[in-house]
Amino acid sequence: MVDIEKALEIGSATTGPGAVLMQPVIDKVVAQLVDFRNPIRQNLPRKPGSGNAWILNRRTAATSTPAVWVNDTEEIVEDQGTYTQHSFHYKTLAARGKITRKLQAVGRTYADILADELEARSLEFKNTEDLALTVGASTAKVSAT
39 MVDIEKALEI
49 GSATTGPGAV
59 LMQPVIDKVV
69 AQLVDFRNPI
79 RQNLPRKPGS
89 GNAWILNRRT
99 AATSTPAVWV
109 NDTEEIVEDQ
119 GTYTQHSFHY
129 KTLAARGKIT
139 RKLQAVGRTY
149 ADILADELEA
159 RSLEFKNTED
169 LALTVGASTA
179 KVSAT
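Letter by letter, the sequence shown follows residues 39 to 183 in this note's numbering.
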């Protein structure tokens with residue numbers, strides 16, 4: 039335990055060697071604002087990984103000799119498919135909001151503005167995640183229309 043505390047205290051909190059071990063603080067209330075009961079999300083397989091990507095070996099069927107019906111005494115032609123390796127890089131979906139002094143100057147309280155911002159950003163977060171799960175790409179964008 040002492041080693042972990044020492045590693046966290048080395049250098050400054052944002053630029054020193056210990057900064058690698060620091061995780062951003064996420065309010066538990068904010069995490070609960072996003073609805074995790076999405077059936078698409080619940081049915082995704084969760085596989086532990088390591089490195090910077092999940093590697094998948096994908097098989098392409100043999101094209102020269104597909105499966106065919108043959109007579110009982112006929113010779114079957116052998117062939118094999120080809121394999122290609124695909125990697126899916128790990129990505130993190132994140133959203134960040136900001137409350138400006140101009141918004142506060144309009145006359146609303148900080149708590150009201152913060153609540154509206156958290157609700158709006160969590161909805162944007164959920165919509166972006168739903169679109170990426172449906173389209174199958176993390177580069178999918180949510181349109182304003």
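We put the beta carbon where it would ideally sit given N, CA and C, even for glycine.
This one's a predicted model, so the numbers in the text were calculated from it and none came from an experiment.
Inset, instruction - Count the other C-beta atoms from every protein chain shown that fall within 10 angstroms of the C-beta of residue 167, then say buried if there are 16 or more, exposed otherwise. - result: By 1-based counting over the sequence shown, the position of residue 167 is 129. Buried, since its Cβ has 16 or more Cβ neighbours within 10 Å.
Inset, instruction - Provide the residue span of the alpha helix (DSSP H) that contains residue 165, from first to last. - result: Taking the first residue of the sequence shown as position 1, residue 165 is located at position 127. Start and end: 148 to 173.
Inset, instruction - Quick one: which unbroken beta strand (DSSP E) runs of 3-plus residues sit fully inside the stretch 59 to 144? Chain order, please. - result: 91 to 98, 120 to 127
Legend entry - residue 163 to residue 131 span [Cα, whole Å]: Counted from its first residue, the sequence shown places residue 163 at position 125. Counted from its first residue, the sequence shown places residue 131 at position 93. Computed Cα separation, rounded: 8 Å.
Inset, instruction - Could you tell me the distance, in whole angstroms, from the CA atom of residue 121 to the CA atom of residue 90? - result: The sequence position of residue 121 within the sequence shown is 83, counting from 1. The sequence position of residue 90 within the sequence shown is 52, counting from 1. So the two alpha carbons sit approximately 21 Å from each other.
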